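Inspection log for the structure reproduced underneath, given as structure tokens.
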Amino acid sequence: MDDLGSVPWPPTPIKTERLVLREPEARDRTMFIDLLASPEVNTYLGGPRPRDELERETPDVPERWPGSFVVELDGTMIGWILLRRATDHRRPAATGKADLGYLFLPHTWGNGYAREACTAALTWFDTTHPGEPIILTTQSANLSSMHLAAALGFTELERFEAWNAEQWLGQRPPASTV
Ligand SMILES: CC(C)(COP(=O)(O)OP(=O)(O)OC[C@H]1O[C@@H](n2cnc3c(N)ncnc32)[C@H](O)[C@@H]1OP(=O)(O)O)[C@@H](O)C(=O)NCCC(=O)NCCS
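Following our numbering, the numbering of the sequence shown begins with 2 at its first residue and continues without gaps.
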């Protein structure tokens, strides 16, 4: 995966009804570690990383690259949205396309925050990359992610086996044809 490259960055913070999407800042460091160390968050993402390793390796200002959005609720990070270029995707149908990923802290699940934030990120993407589709890969057993993907307008391209599980590859068509 690569970042989105030559896109205006950082973006002006994007405000939704309840949330703000913005570039990561130093004050988000603990929440990044919480996300990546959480067994619940990483159930379908290869498992959590050891907290002490994350404490050592996470830079003071985490994950600053074009397409890396912190999602903030009432001034505190609750999630992370990743828009990247799938340069090395194992499925030809996905290779080279923009790719959406999302991780939210478990105590915030089930409130529609992920849907609200991803909708805003996709709208931003439609503006910066008009006419481009977006793909998304998730384990088909990850029901929350499957529901969110469907709610965001992704439809199935194919399923495939990888990382010892069935993977679902979905695509959202360019905005003009949605
Ligand atoms: C995937 C994830 C972001 C969803 O977060 P969330 O807080 O449940 O999402 P939302 O509250 O915005 O819900 C989105 C939709 O999915 C539905 N949904 C969420 N969890 C569900 C579940 N377990 N079963 C059925 N529907 C579910 C919601 O009802 C909602 O549908 P609606 O918009 O039609 O009402 C969250 O579970 C997460 O961070 N998981 C760990 C990281 C991960 O696995 N990411 C996927 C890899 S990219």
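Even for Gly, the Cβ is constructed at its ideal location relative to N, Cα and C.
The structure presented is a predicted model; accordingly, all values stated were derived computationally and were not measured.
Secondary structure of residue i, DSSP reduced to three states
| i | result |
| --- | --- |
| Arg91 | coil |
| Val179 | Confidence at Val179 is low in this model, with a pLDDT of 49, below 50, so the placement of that residue should be treated as unreliable; the coordinate-derived value is given next. Of the three classes helix, strand and coil, the one that applies to Val179 here is coil, per DSSP. |
| Thr31 | helix |
| Leu83 | strand |
| Ala166 | strand |
| Ala99 | strand |
| His108 | helix |
| Leu144 | helix |
| Leu36 | helix |
| Asp61 | coil |
Run of the alpha helix (DSSP H) containing residue i, from where it starts to where it stops
| i | result |
| --- | --- |
| Glu41 | Segment: none, Glu41 is in no alpha helix (DSSP H) and carries neither H nor E. |
| Asp117 | Checking the sequence shown, residue 117 turns out to be Glu, not Asp. Note, Glu117: alpha helix (DSSP H), Tyr114 to Thr129. |
For residue i, the first and last residue of its enclosing beta strand (DSSP E)
| i | result |
| --- | --- |
| Asp53 | It is not in any beta strand (DSSP E) - Asp53 instead sits in the alpha helix (DSSP H) that spans Arg52 to Glu58. |
| Leu74 | Ser69 to Leu74 |
| Val21 | Leu20 to Arg23 |
Those residues which DSSP pairs with residue i across a bridge
| i | result |
| --- | --- |
| Met2 | DSSP lists no partner for Met2. |
| Pro171 | It should be pointed out that residue 171 corresponds to Gly in this sequence rather than to Pro. Its beta-bridge partners are Leu137 and Glu157. |
| Thr77 | Leu74 |
Beta-carbon separation (whole angstroms), residue i vs residue j, contact threshold 8 Å
| i | j | result |
| --- | --- | --- |
| Leu74 | Leu20 | 6 Å |
| Arg86 | Leu5 | 6 Å |
| Leu22 | Pro14 | 7 Å |
| Pro67 | Arg30 | The Cβ separation is near 20 Å, so there is no contact. |
| Glu117 | Pro175 | Rounded, the Cβ-Cβ distance is 22 Å, inconsistent with contact. |
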